[in-house]
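The numbering used here puts the sequence shown at residues 30 to 499.
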Amino acid sequence: CLFPFLVSLVLTSTSKGRRCEFLARPSEVPKVRRAGHVNGTVQLCAYTDCCMGFFKLDGGQPRPDLLGCGMMNVQCPEPSCSASKHMDNYTKCVCSSDLCNANMTWMPQSEESQRSSSLDLWRLGMAAIALGTLLLVAVLYVAAQWRQLFKDPSKNPPKILTIFLIFPHECNSLLGQGSFASVWQACLDGTPVAVKAFPAAHAQKFIHERKVFELPLMEHSSLVQYLGAGRELRGGERVLVLELAEHGSLKNFLSLHTSDWRSSLKLAQFLTQGLAFLHSDLYRNGVHKPPVAHCDLSSSNVLVRSDGSCALCDFGCSTVLRSCSEQPSNTCPSRAHVGTLRYMSPEILEGYVNLQSGRGLMQGDVYSLGLLLWELWRRCSDLYRGDPVPEHHLPYEAELGPNPSLNDLLLFVSEKRERPLLPKEWERFSQVFSDMKDTLEDCWDHDPEARLTAQCAADRITALSLNCLQ
30 CLFPFLVSLV LTSTSKGRRC EFLARPSEVP KVRRAGHVNG TVQLCAYTDC
80 CMGFFKLDGG QPRPDLLGCG MMNVQCPEPS CSASKHMDNY TKCVCSSDLC
130 NANMTWMPQS EESQRSSSLD LWRLGMAAIA LGTLLLVAVL YVAAQWRQLF
180 KDPSKNPPKI LTIFLIFPHE CNSLLGQGSF ASVWQACLDG TPVAVKAFPA
230 AHAQKFIHER KVFELPLMEH SSLVQYLGAG RELRGGERVL VLELAEHGSL
280 KNFLSLHTSD WRSSLKLAQF LTQGLAFLHS DLYRNGVHKP PVAHCDLSSS
330 NVLVRSDGSC ALCDFGCSTV LRSCSEQPSN TCPSRAHVGT LRYMSPEILE
380 GYVNLQSGRG LMQGDVYSLG LLLWELWRRC SDLYRGDPVP EHHLPYEAEL
430 GPNPSLNDLL LFVSEKRERP LLPKEWERFS QVFSDMKDTL EDCWDHDPEA
480 RLTAQCAADR ITALSLNCLQ
């Protein structure tokens, strides 16, 4: 279960127009003002419908220490600002009416309840120790961020606004365990989130993935939403706080569900548009998002939301292509064979990719994209027109089994140039089948230079969505 951690929150939502009481120390004003326009003692929220307040208890009475708009769009069902718990001499509230944070209703727990057991006393003492540790870590973290910022003035400032003390939250369940991190479901200010925790041994993985998330303009509906980053105090684990995708990974979704044609195309559109955005080189209002190669695209690294859309995730091995003169930025050792083996392109399996070539890495992503499109279309019920839909299979699972070796894939994919079989049932939809077949073959072509770009693949899927199954 997670313990208190520091989270640096990122603005991600649309304007709601909430008015909140504003109060901040001079050193905090530039950061907190980013949550909305300030006019005197009132802040007009730009990104959330919630007001927040941090209060210091002075003689048992709450005294405002920091007031303003919430830093992220969380649930705040209470119209008034009230609290009954505190950590050391600080408490906080989140509320949902105009200027609701101007006054705090403090309802402290009774002395009897606070002293009901020796365990409670011990926890109170530990909370005080934890607060001191939190403040120390916060100072060190902010100092490190500023030191990194001024080390290279050409880089854009990080999208971190400030650091908040988050009270303990219960972890509902372990969602997944990978080679470098575990993913938990947690609750942040009433909002379900996913928390990706990296042990200290894999701190570099955390740092690299956080930097990818914090690239300028790195927000898109086809990428998992990044909410913040921080540290778990007891074990020292670094954590990324992300949106919670209700259906989990695409691999898990396809193993449990079939989809109709429209739903399958929606998944394909989000998938291709996400990769096209990731590969894009964007300049907007003087800000630059460099191209990023994912380098580990698989159905385990795509998340499916409750509305049927999907989002790319897990950028731990991604490569940021900052400029032609600068070497790609990544943290993966022995890049030739990092990623998910069965999704690797022939040239990556053979170790012939020019690792200094962003084009080569992005061509490898497009090969993986072709396998993903085959994987999700294979579970489209409308393509079988009443016939049984086959069970979910990973690429090459039918031919090489569940755990193919590098040599197996080299022989089958590279030397024999085999690709996943297209079901015979698809051929009855002649025009759609022809377009699907062309798109798949142009994505997983043996020649990297002959493959589609991610943007061209996205355009193909958009055109395909105009066709009806007949």
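C-beta: ideal position from N, C-alpha, C; glycine also.
Predicted model, so just to flag it, every value in this text is computed and none were measured.
- Taking a C-beta distance under 8 Å as the contact criterion, LEU52 and THR70 qualify as a contact pair.
- Inter-segment contact for the segment 235-252 and the segment 216-223 is absent: fewer than three beta-carbon pairs are separated by less than 8 Å.
- Three or more Cβ pairs closer than 8 Å define a contact, and the segment 299-308 falls short of that threshold against the segment 366-380.
- Secondary structure of CYS129 (DSSP, three-state): helix.
- LEU401 is a Cβ neighbour of VAL331, given a cutoff of 8 Å.
- The C-beta distance from ARG47 to CYS79 rounds to 7 Å, short enough to meet the 8 Å contact threshold.
- With contact defined as three or more Cβ pairs closer than 8 Å, the segment 463-479 and the segment 445-453 are in contact.
- ARG489 is not bridged by DSSP to any residue.
- Nearest to ALA274 by C-alpha distance, out of LEU326, GLY205 and LEU294, is GLY205.
- The criterion of a C-beta distance shorter than 8 Å is satisfied by SER278 and SER329.
- Residue burial annotation: THR134 is exposed, with fewer than 16 other C-beta atoms found within 10 angstroms of its C-beta.
- If you keep only unbroken alpha helix (DSSP H) runs of at least 4 residues inside the segment 57-115, you get 58-61.
- Taking every protein chain shown into account, the CB of LYS114 has fewer than 16 other CB atoms within 10 angstroms, so this residue is exposed.
- By the neighbour-count definition (other C-beta atoms within 10 Å, threshold 16), PRO108 is an exposed residue.
- Taking 8 Å as the cut-off, the beta carbon of GLY65 is found no closer than this to the beta carbon of MET81.
- When secondary structure is reduced to three states using DSSP, LEU481 falls in the coil class, being assigned neither helix nor strand.
- Here PRO319 is buried, its C-beta having at least 16 other C-beta atoms within 10 Å.
- Residue state for GLN206 is assigned as strand, using DSSP reduced to three classes.
- For ALA226, the enclosing beta strand (DSSP E) starts and ends at 220-227.
- Going by beta carbons, GLY368 and ASP437 fall outside the 8 Å limit.
- Buried is the label assigned to PRO433, since at least 16 other Cβ atoms lie within 10 Å of its Cβ.
- A direct Cα-Cα distance of roughly 27 Å separates SER338 from PHE227.
- Assignment of SER284 by DSSP, reduced to helix, strand and coil, places it in the helix class.
- Every candidate beta strand (DSSP E) stretch fails here, since none sits fully inside the segment 412-458 while reaching 3 residues.
- A contact is defined here as three or more CB-CB pairs under 8 Å, and the segment 452-467 fails this definition with respect to the segment 478-487.
- Taking C-beta separations shorter than 6 Å and ignoring five residues to either side along the sequence, the partners of THR120 in its chain run PHE84 and ALA112, following chain order.
- A buried status is given to GLU272, since no fewer than 16 other beta-carbon atoms sit within 10 Å of its beta-carbon.
- With a beta-carbon spacing of about 7 Å, PRO477 and GLY389 fall inside the 8 Å limit used to define contacts.
- Note on TYR255: 16 or more other CB atoms within 10 angstroms of its CB, so buried under the neighbour-count rule.
- Counting other Cβ atoms within 10 Å of its Cβ, GLN90 stays below 16 and is therefore classed as exposed.
- PHE299 is a Cβ neighbour of ALA340, given a cutoff of 8 Å.
- As DSSP reads the structure, HIS317 sits in a beta bridge with TYR312.
- For VAL123, the enclosing beta strand (DSSP E) stretches over residues 119-124.
- Nearest in C-alpha terms to HIS323, of all of GLY315, GLN392 and ARG267, is GLN392.
- Going by DSSP, GLN254 is part of no alpha helix (DSSP H) at all; its letter is neither H nor E.
- Taken atom to atom, the span from the alpha-carbon of SER288 to that of ASN496 is near 17 Å.
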